[in-house]
Every structure is written in C-alpha cells, then in structure tokens.
Amino acid sequence: MGYHQKPQYLSKTLEQDLLLPRVLVLRSPSVPSFFFSKSHLQAHFHLVDPLDSPEPTHSFLSRHAASVLALLCVASTRVSSETLSLLPSLKLVVASSAGLDHIDLGECRRRGITVTSAGQVFTEDVADFAVGLLIDVLRRVSASDGCVRARLWAEKRPFPLGVKLGGNRVGIVGLGRIGSEVAKRLIDFGCSIAYCSRKEKPSVPYPYYSTVSELATNSDVLILCCSLTKETHHIINKGVMEALGKEGVIINIGRGALIDEKELVKFLQQGQILGAGLDVYENEPHVSQELFAMENVVLAPHAAVYTLESFAALQELVVGNLKAFFSNKPLLTPAQLE
Amino acid sequence: MENHQERSDHRSQDLPQVLVIKPPPVLTLFEDKFISSKFQLLKAWESTLPLDQFLTNYAGSVRAVLCSGASPITADIIRLLPSLQLVITASAGVNHIDLTECRRLGIAVTNAAGVFSDDGADAAVGLLIDVLRKVSAADRYVRNGLWPVKGDYALGSKLGGKRVGVVGLGGFGSAVAKRLEAFGCTVLYNSRTQKPSVPYPFYSTVLELAADSDSLIICCGLTAETRHMINREVLLALGKQGVIVNIARGAIINEKEMVECLVRGEIGGAGLDVFENEPNVPEELFGLDNVVLSPHRVVFTPESFVAASELVVGNLEAFFSNKPLLSPVIYE
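For the record, the sequence lines run as chains A and B.
Per our numbering, residue 2 is the first one in the first sequence, and the count goes up by one each step.
Per our numbering, residue 1132 is the first one in the second sequence, and the count goes up by one each step.
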C-alpha cells in the first residue's frame, strides 16, 4: 500500500504562472514527501521555494521573499522569529501538521500574522492509532508477531495472557478534538474515561481532574493527546508515573517531550509501569535504545497521521486556506494564538 | 505411575468423574477454579497408558468429558465412553467435537460462547487497525534501527469510511460491529440467516459480501459448510486493497490460496490469530510486512478464562444436579 502521486503536467505559460499568488514554501529536506504536494499547489500558486536554489535560505529569503504574503510551512519545519523577521510582508502562515509547536506563535501574534492549522484532517487517524497502540500493548500483538516470525510459537506455548481492554479507567491528558475522538472509541470498548485539561469542559460527560497526577492516580491507562507547551513539557514525570502505578500503561501520540523519556525508560526497566505505546520521542528519529529489547512497549515512528486519506485531505485543506486568503474569504481553519 | 488409580480408590466413591483427556489452557492456568463438591477430574493425560486402553480401563462409567481443541471428541473416543452423556468445551468453538455423533447418541454438548465475545472483538479490531495502520510492521522498522537511516515509514490506510464485512453475526460478530461503528466504518454482514432487527446490510453469500467490502472479519464457527469458505474466489473479490482478519478458526480460510494471494499482492493484507495447522505458520508469511501473525492467543485474557472456567463448572454442577445446562449447544 504505497502512496502514489500522479504528476500533473500543467501547460500554463510563464505569464499565467506569474499572475498566480506567490506562496513561500518552507520545508526541511528531511520532511517526507507526503506532506508537500508540489504539483497540486503549482496549479494554483506560484511557489517560492528556497530548496530550488543553491543559495542559503537566509539570503534567499532576504532577496526573494520580502513581499511574500503567505507562507506554507511543510510538516514540522521550524518557523522561528528569526525566519519571520526576514518576511516583513507576511500575513499568513499555513501549517500542515497536527501540532503547531514548531512555529513561533507568540511572534506571529505580535506581528498580526494569522496561522491556519491542519484542522481535523488528522484527528480520526490519530485517535485510531492511539487505540491501536493501546490494544497492541495490552494484548502484546507486535511482541507475539515477533515471536511467531522468529519461529518460537511451538517453543513458547503457552504465552502469557493479555490484559483485558474493557473496564480499564482511561485518563485522557488533553481533551481536545483528538482526545475526544479517542474517548469516543474507547467507550465502545467498555473503558471508562476521565480527563485533565487546562480548563474543565462543562459540556463533557467525563470526570475532570485538575492535575495529571490526580488523573494518573485514578487511571489504569494514560493517553497523551495534548500539545507541547512550556507548561506541558515533561508533564509525565517520575511523580505521575508513580501515581499511575505498576499496572499502568502510557500511550503517547502527542509530542515526545511530554514525557521525561529517561524516567520512562527507568520505570519500564524496573517494572514500575506495565507498558507503553509511543509514537513520539524526545529526540526523533532516535529512540532510547533500551526500549528496543522490551516486549511490553510498542514503538511507532511518528506515524499516527500517516494515511493516504489524511494526506489527501491535508492537500485540499492547504489549498483551500490559501485560496480563501488570496480571495479575501474567511479562512477554513484559523488557529487560536495564545 | 498409576497415581490417578490410587487417588480414585481413596477418593469418595460418591463424586462422579469428569474425564479430561488433555487439559485445556483454562484448566492449566486456573486449576483451582475446577475444584467442586459435585465432581472430580479424571486426568487421562497423567497416565502412561495409551489413551484407548486408559479409557477402556477407567472411563467406563464416565458421564461427562471436558475437551479442548488439543483433545477432540471423535466418534472413536465416544465409542470408548459407553456412559457418556455430556461433552463440555471451555471454548466458543465446537468444531473439535463430532456433533453428529453426539446428536445421534443423545449426548449433550456445552460450550463457552459469549464469554469470549468482548475480548475477541477487541482483538479482531486491534488486528484490523494493526494491518491497516502498519503498527507491528512499523514497530519492527523502529526496532531494526531503520528510522534514522531510511526516514519515515510508509503511509497506511484510514479506518473511517471503510466497508467492513463481518462474516457471521452472532455474539462475537455483533461485538465487532459495534466497535467498528465507533471508528466510522460501515458494517456489512453475511450470516446463515438474515437478522431482521440488525441495521447492517445483509449479503446472502460471502462472495457478494467480499465484493462489496474493503475488509473481512471472520466471526463464525468452523463447520462442514464454513470449511475453506474463504477461498481464492472470495479473496479476489475482496481485492488488492482488501484486508482479512481471522481470529475464529484457521480452516475457515483456504490457507494455501490465501498465502498465494498475499504473496502475489492480490489482497492487501491479513491479521491472523489462527491457522490450519497450528503452531505451524506458512513460511511465506514471515517475509510479508502486510500481515500480522498471532499465536492463537490474542483473544485470551484472565477475565475471559475465569468466566469460561466458571461456565464449565456451572454446566458440570448443573448436569450432576439434574438441573438445566447453562450453555447447551443447540443442534441445527
């Protein structure tokens, strides 16, 4: 199941191209291609791309991007205040990832630059992936698959029993759209839901805890669905993991730095928590080596959004936001800048 | 060492014996649950005698047998148990019991249908997510150190919007369907008979179901009719993007044909907890990243095993008290 892009060979003239609105594209070379559908965008916009030039980005921007109004930030390419300072005319940053922590939102706010997010294009896929990771950890799906492939089935019978999913108290850290979708799914698996969030949400039927520690004390599973900010950095620390306890499971589909990864490794090594399903890490793509040997851990390569469908929806959304901007229409997914 | 003989001599002659040829996993793990004032276990596997001789010598008055997939109740076995009136299995499946012969002789059969429905449904949906979203394949990728070297892993396929064909809509199939709906899947089904109270579209053959589905989840029992029901024709109808999940019985799928389809890329992937000749798994599957392999245990949890053991004991105690059985298998 691969992702195939049919190139659109456009027969627009140079004049036609120059009449198209200019959009600056910022992407680091390591960003996977599925985040950036060049031909799709070129049908509507004239792309200004520093990677097309041998010039260093800094001088390229100074020379070519002074009048650019819109910037497409591909995946988690950093948009720092330094970069923004080279773009005096900038009015819009279009993000194309679920998180926004790689963009200097404070500086955007100060400058009156609007930022659009990826809206809901990734929400369901991330929620599905979180549930998949949880079932995998509890029922040791990946670990067993490894045993079977190593031809150990006949030798290792009987295997240890898995953990039942229903009846688990699931604590959602951050009950935004993703957290809500995770909750909705797990209810149908017989789990009970509680959450903590910056503020309590009165319309929500689940019990609220004002601190992650209290949530952890009352949960069997913690699922991290919040964004990474100064406040949430290492929010899952030694104290929280102790509160979660030996039978506890942590699923992280947020950002690696939400968890003190060194502490997590220690807790797992000492059997002080039951297991973990991780899609994100503090130093991607490097994963703490100690985790590789653990059967009660499932490791994913930051792939919770990775479906053909979500990327197709992303491209439409990106083009939609840019078109709305250039026709002075309401943006599709403006982000709240705090 | 014939210690079972000595034990049964010293034991109260009042307690009827329940024959166990080989212990089901439930008994191995939760033996303390099987202690009862109404019966005692006659453990054939502890004897060094060949089975038929053991049965002839010691099981002549045995009225009940607790069996499992590892110790099927065939017509030959039944012939050696002249007093047999009840066959109990701790599993949902009854394909290892000669039901025709039991029916002919008026032997009742009980199973543990129902206690595995929720855990089975969790497992089936978990396997579907794993195949569509490449969870295990990506885990291998990370553990092999490939992420920093080769970059991001491949795109998977979204669950929401998928048309999922449930084959068999009993307790297990219904539990699967309910969970799939939470992911935004469209549920379709095939069953022996249409169920009027059910909101999902019914397809009268598995072939038609496959043709209209993106994924198939096998939720039915293994019978003469369902053996090799999923064959090359059905799999080709499912198609190149199609995914099949089987946690029911291996022989419902023609394994040889499925392996060929997988190797040739004629279907998109498979999540398998059961195989035709466990614990043997076709070698060709080990090289495929779009297949998730599970050693017939993804359904099991301590809770379902405890519930199964309680059901077995409940059925036995009812039987020996001449009360109605809790979970009799109704013959069709």
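Ideal Cβ placement from N, Cα and C applies to all residues, glycine included.
The closest CA to that of His1227 of chain B, considering only B:Ala1175, B:Gly1381, B:Gly1315 and B:Val1444, is found on B:Gly1381. Chain-ordered listing is empty here: chain A has no CB closer than 9 Å to the CB of Lys1153 of chain B, the nearest sitting near 13 Å.
For the segment 1369-1457 of chain B, the full-length beta strand (DSSP E) segments reaching 3 residues or more read 1374-1377, 1400-1403 and 1422-1424 along the chain. In the three-state DSSP reduction, Pro1279 of chain B falls in the helix class (H, G or I). Going by C-alpha positions, Asn238 of chain A is about 39 Å away from Leu25 of chain A. Of the candidates A:Met242, A:Asp221, A:Ile260 and A:Leu135, the residue whose Cα lies closest to the Cα of His234 of chain A is A:Ile260. Partner residues in the beta bridge of Asn1321 of chain B, as assigned by DSSP, are B:Val1298. Here Lys39 of chain A carries a helix assignment [DSSP, helix/strand/coil]. Non-local C-beta neighbours of Gly1287 of chain B in its own chain, meaning closer than 6 Å and more than five positions away in sequence, comprise Leu1263, Arg1264 and Lys1265, ordered along the chain. Closest in C-alpha terms to Leu315 of chain A, from the list A:Leu27, A:Ala76, A:Asp50 and A:Arg28, comes A:Ala76. For Trp1278 of chain B, the nearest beta carbon of chain A is closer than 7 Å to its own beta carbon.
Nearest in C-alpha terms to Arg1395 of chain B, of all of B:Leu1366, B:Cys1233, B:Leu1403 and B:Ile1384, is B:Leu1366. The C-alpha of Val1443 of chain B lies about 23 Å from the C-alpha of Leu1211 of chain B. Excluding residues up to 5 positions away in sequence, Arg186 lie with their Cβ nearer than 6 Å to the Cβ of Val132 of chain A in the same chain.
In the structure shown, the three-state DSSP call for Phe312 of chain A is helix.
When secondary structure is reduced to three states using DSSP, Thr1159 of chain B falls in the helix class. Boundaries for Lys1326 of chain B: no alpha helix (DSSP H) harbours it, and the DSSP string shows neither H nor E there.
Residue environment analysis places Arg256 of chain A among the buried positions, since at least 16 neighbouring C-beta atoms fall within 10 angstroms of its C-beta.
Ranking A:Glu243, A:Gly175 and A:Pro206 by CA distance to the CA of Lys200 of chain A puts A:Gly175 first. Beta bridge pairing from DSSP links Phe1247 of chain B with no other residue. Look at the beta carbons and you see the segment 1329-1344 of chain B not touching the segment 1278-1292 of chain B: under three pairs across the two are nearer than 8 Å. Chain-order list of chain B residues neighbouring Pro33 of chain A: Gly1282 and Asp1283, by C-beta distance under 7 Å. Within the segment 264-322 of chain A, the complete beta strand (DSSP E) segments of 3 residues or longer fall at 276-279 and 298-300, listed in chain order.
Nearest to Gln1325 of chain B by alpha-carbon distance, out of B:Ser1335, B:Trp1278, B:Cys1316 and B:Val1318, is B:Ser1335. In the assembly as shown, Glu125 of chain A is a buried residue. Its beta-carbon has 16 or more other beta-carbons within 10 Å. Within the DSSP secondary-structure output, Gly1287 of chain B pairs in a beta bridge with A:Thr308.
If you look at Tyr1189 of chain B, you'll find it in the alpha helix (DSSP H) that goes Leu1182 to Tyr1189.
In the three-state reduction of the DSSP assignment, Tyr1272 of chain B falls in the helix class, which pools H, G and I.
In this model, Lys263 of chain A and Val1318 of chain B are separated by some 43 Å (Cα to Cα). With a cutoff of 7 Å on beta-carbon distance, Ser214 of chain A and Ala244 of chain A are scored as near each other. In the assembly as shown, Thr117 of chain A is a buried residue. Its beta-carbon has 16 or more other beta-carbons within 10 Å.
Within its own chain, the residues whose Cβ lies closer than 6 Å to the Cβ of Leu106 of chain A, once the five positions on either side in sequence are excluded, are Leu338, listed in chain order. For Ser1248 of chain B, there are no C-beta contacts with chain A under 7 Å, since the nearest C-beta of that chain is about 11 Å from it. With its beta carbon at least 7 Å from every one in chain B, Ser90 of chain A lies outside the interface. Per DSSP, Lys1164 of chain B lies in no alpha helix (DSSP H) and is assigned neither H nor E.
Within chain A, the C-beta atoms nearer than 9 Å to that of Lys1309 of chain B come from Asp189, in chain order.
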